[in-house]
Amino acid sequence: MTVSVRRGDEPDFWAIAQIWVRSWQVGYAGIVPQAVLDGLDPVLRHRFLVERATDPDNDSELLVATGSGIDCQLTPCDAHSPVAGFAMIGPWRDADGSPAGDGAGEIRAMYVSPDKWRSGLGRALMGRAEARLDALGHAEQRLWVLAANDRGRRFYESAGWEFDGSRQDYHTGGLVLPEVRYARACDRQGSWRRG
Numbered sequence: 106m107t108v109s110v111r112r113g114d115e116p117d118f119w120a121i122a123q124i125w126v127r128s129w130q131v132g133y134a135g136i137v138p139q140a141v142l143d144g145l146d147p148v149l150r151h152r153f154l155v156e157r158a159t160d161p162d163n164d165s166e167l168l169v170a171t172g173s174g175i176d177c178q179l180t181p182c183d184a185h186s187p188v189a190g191f192a193m194i195g196p197w198r199d200a201d202g203s204p205a206g207d208g209a210g211e212i213r214a215m216y217v218s219p220d221k222w223r224s225g226l227g228r229a230l231m232g233r234a235e236a237r238l239d240a241l242g243h244a245e246q247r248l249w250v251l252a253a254n255d256r257g258r259r260f261y262e263s264a265g266w267e268f269d270g271s272r273q274d275y276h277t278g279g280l281v282l283p284e285v286r287y288a289r290a291c292d293r294q295g296s297w298r299r300g
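Next up, the structure:
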């Protein structure tokens, strides 16, 4: 499969919202209560994306991946191909959501349509998100993943990320879900090193 990755924009928000919800419903089955997963609403995710895009304090960048076309290198080519995955990246944030100011970058969200899992699309999207964070000057990169999300953790570990020992609780819809932090860093020569 040839994967294209480009910057995401408002015309992509509905597809992103659907992928976000469907990925949770499939990927977190058995981790998050089924009633919560069944109640997820792409309309609310879409609203979140629109609000974020219009927030003057938004420091996130949205990348989308499609499963056709050529490698777009973050240009708006292949804009009519269906979105099959997305990543939201930006500077690392403290637990309260404020910028940490430590120079690290964060993959804040990354989801691929479940029908594209194990196709190489997620790996290509992850590589582009890492490269974009590096280009923005974030030599150290971090992300949070649900502690019980074994599939996600294996994916990150296979991409060279390592659990760095940090833990926190993710609060959503009255639930408290334990998360663990993964990290990777780039040395001065631009080569990725673990942990």
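Under the working numbering, think of the first position of the sequence shown as 106, with each following residue one higher.
Where a beta carbon is used, it is the ideal one built from N, C-alpha and C, also for glycine.
Beta-carbon proximity list for M231, same chain, < 6 Å, skipping 5 on both sides: A264
Chain-order list of residues whose beta-carbon lies under 8 Å from that of K384 (same chain, five-residue window excluded): In the structure displayed, the chain extends from 106 to 300; residue 384 sits before or after that span and is not available.
Alpha carbon of Y275 to alpha carbon of Q130, nearest angstrom: 17 Å
As assigned by DSSP and simplified to three states, the class of T107: coil
With 16 other Cβ atoms within 10 Å as the buried cut-off, status of E235: Sixteen is the threshold: when 16 or more other Cβ atoms of the shown chains lie within 10 Å of the Cβ of E235, as they do, the residue is buried.
Which listed residue (A214, P161, P138 and G242) has its alpha carbon closest to that of Y287: A214
Cα-Cα separation between V108 and V137, rounded to whole angstroms: Rounded to whole angstroms, V108 to V137 spans 30 Å at the Cα level.
Where the alpha helix (DSSP H) through W129 begins and ends: F118 to G132
Spatial neighbours of E262 in its chain, beta-carbon cut-off 6 Å, leaving aside the 5 residues before and after: If you ignore the 5 residues before and after E262, its C-beta comes within less than 6 Å of no other C-beta in its own chain.
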